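**Student:** In our numbering, the protein residues as written are 19 to 200.
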């Protein structure tokens, strides 16, 4: 069974690209959302993650749906988010474990606060140690590392906080699940 899963949902079918003030997240530049294929943004990250997985003896599986439309994102920002999620999955999965990446079909946007349309989903799952229940509600807080702060695995606790803000600015949603309970 998988221990943790990260989902990113991104809007598609937007009318036109948008500029979003970003401040200091990407060296002070604004987000420039344009039409991109998720698979093209993911391709170099998957190649790199696959090499790291092989080196660490982690099974690396990728499943990409065919014929997905473009999504309106800032390519550099999305690359930063996905790289962070892949890095976390590989960092916390032990040798002999697995990491799975899935890019899938669109789903309708049911949130009344969002403009109507569809979303595409990116899921990254692993069978690492999981996230304790008490830490799960805090994973998007800046500098929060929970039990991971006691491990020998380096980190600042900023990655998921930045990822959540970038995805929010691109009118998407990010979620983390872990069935682990202590």
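Even for Gly, the Cβ is constructed at its ideal location relative to N, Cα and C. From a predicted model like this one, the values you see are computed outputs, not experimental measurements.
Under three-state DSSP, which class holds residue 99?
**Tutor:** Residue 99 falls in the helix class under three-state DSSP.
**Student:** Rank 189, 73, 108 by C-alpha distance to the C-alpha of residue 24 and give the top, closest one.
**Tutor:** Residue 108 is the option with its Cα nearest to residue 24.
**Student:** Which first and last residues belong to the beta strand (DSSP E) in which residue 53 is found?
**Tutor:** Element bounds for residue 53: 49-54.
**Student:** Mind checking if residue 27 is an interface residue toward chain C, Cβ cutoff 8 Å exclusive?
**Tutor:** The chain labelled as chain C is not found in the depicted structure, where only one protein chain is given.
**Student:** Hey, could you find the ends of the alpha helix (DSSP H) residue 186 is sitting in?
**Tutor:** First-last of the alpha helix (DSSP H) with residue 186: 177-187.
**Student:** Quick check on DSSP: helix, strand or coil for residue 106?
**Tutor:** Three-state result, residue 106: helix.
**Student:** Can you give me the C-alpha to C-alpha distance between residue 146 and residue 28, rounded to a whole angstrom?
**Tutor:** Their Cα atoms are separated by approximately 26 Å.
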